[in-house]
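Notes for the one structure printed next.
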Amino acid sequence: MENIIIKSGPLQAVTTTKGNPIDTETIVEGYACYSDTSAKLTIMSNDDIPLFFAIPGKVIGAMKIGKDEIETKQLTANLRSSLVSLGLDASEMHCIIGPCLTFSHMPVERKVIEKLLDDGFMLAAKRTDGVDFLDLPDFVLTELRRLGVKMENIVIGDYDTFENPEMLYSRLRGDKEMNATTAHLG
24 MENIIIKSGP LQAVTTTKGN PIDTETIVEG YACYSDTSAK LTIMSNDDIP LFFAIPGKVI
84 GAMKIGKDEI ETKQLTANLR SSLVSLGLDA SEMHCIIGPC LTFSHMPVER KVIEKLLDDG
144 FMLAAKRTDG VDFLDLPDFV LTELRRLGVK MENIVIGDYD TFENPEMLYS RLRGDKEMNA
204 TTAHLG
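First residue of the sequence shown: 24, per the working numbering; consecutive thereafter.
Dropping the structure here:
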């Protein structure tokens with residue numbers, strides 16, 4: 024089975040599918056941002072969001088995002104801190120949101136949805152048949168746009184880890200193995 028390749032401008036991410044050899048580079052557990060743009064970064068995940076970002080010639084980085092990082096708004100805090108400390112412009116950034124869970128598999132309590140709505144995250148707050156859901160990729164998309172990343176520079180992978188058992192591992196399905204997604208500037 025072919026690996027999943029996602030591109031945003033010069034930034035490319037490859038998710039290794041089941042049965043293919045994994046070639047990991049620098050593994051990122053939480054958040055990382057490097058001024059060495061030749062770095063190749065890998066996130067091991069099985070439902071969380073592998074997010075990669077880069078400004079060609081200036082910075083490449085990655086963050087593994089789950090529900091906890093969303094509730095604490097770590098993405099915004101980490102990225103804003105890196106942008107400010109390095110004097111970078113978010114409008115130059117390219118971002119890739121890799122394979123992860125989508126909204127139909129992330130039920131949350133009503134108070135979480137109400138907080139999202141109060142904070143202006145209507146895109147990420149879902150309700151279907153009386154059940155509240157959090158849409159992780161849409162939340163990250165909204166956060167990136169609020170930071171100033173151009174919409175045309177954000178690419179969301181179209182593979183749900185739970186819905187593609189022949190290709191990807193999912194913690195929700197009981198898998199212990201992880202999906203390796205590696206990104207680099209090409």
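Every residue gets a Cβ at the ideal spot worked out from N, C-alpha and C, and that includes glycine.
Q. Taking DSSP as the reference, what is the three-state secondary structure of Ile93?
A. helix
Q) Run through DSSP, which three-state label would Pro160 get? A) helix
Q) Can you give the beta carbon distance from Ile72 to Ile88, rounded, assuming they're within the 8 Å contact cut? A) 4 Å
Q: Grab me the residues of Phe144's own chain with a C-beta within less than 7 Å of its C-beta, minus the 5 sequence neighbours each way, in chain order.
A: Phe162, Thr165
Q | Leu109 to Gly42 span [Cα, whole Å] | A | 40 Å
Q) Which of helix, strand or coil does DSSP assign to Phe126? A) helix
Q. Would you report the Cα separation of Thr49 and Leu139, rounded to the nearest angstrom?
A. 33 Å
Q. Just reading off the beta strand (DSSP E) that Leu140 is part of, what are its end residues?
A. Here Leu140 belongs to no beta strand (DSSP E); instead the alpha helix (DSSP H) covers 133-141.
Q: Starting from Lys63, trace the beta strand (DSSP E) both ways and give me its first and last residue.
A: No beta strand (DSSP E) holds Lys63; DSSP gives it neither H nor E.
Q. Helix, strand or coil for Val172 per DSSP?
A. coil
Q. Residues in its own chain within less than 6 Å of Gly32 by CB, not counting five upstream and five downstream?
A. His117
Q | Short Cβ contact (9 Å threshold) for Leu170 with Leu74 | A | no
Q: With hydrogens ignored, establish whether the beta-carbon of Thr151 is closer than 8 Å to any heavy atom of the ligand GTP.
A: Summarising the ligand content, the structure contains no ligands, and the ligand GTP is consequently not present.
Q: Go through its chain and collect everything with a Cβ distance to Glu25's Cβ below 8 Å, but skip five positions before and after it.
A: Thr40
Q. Below 8 Å, can you find three or more Cβ-Cβ pairs linking the segment 93-101 to the segment 186-193?
A. no
Q | Residue nearest to Ile27 in terms of C-alpha spacing, selected from Gly53, Met190, Asp198 | A | Met190
(Q) Judging by CA-CA distance, which residue of Thr204, Cys123, Leu64 is the nearest neighbour of Arg196? (A) Cys123
Q) So, are the CB atoms of Ala206 and Ile83 less than 9 Å apart? A) yes
Q | Beta-carbon proximity of Leu167 to Thr125, cut-off 9 Å | A | no
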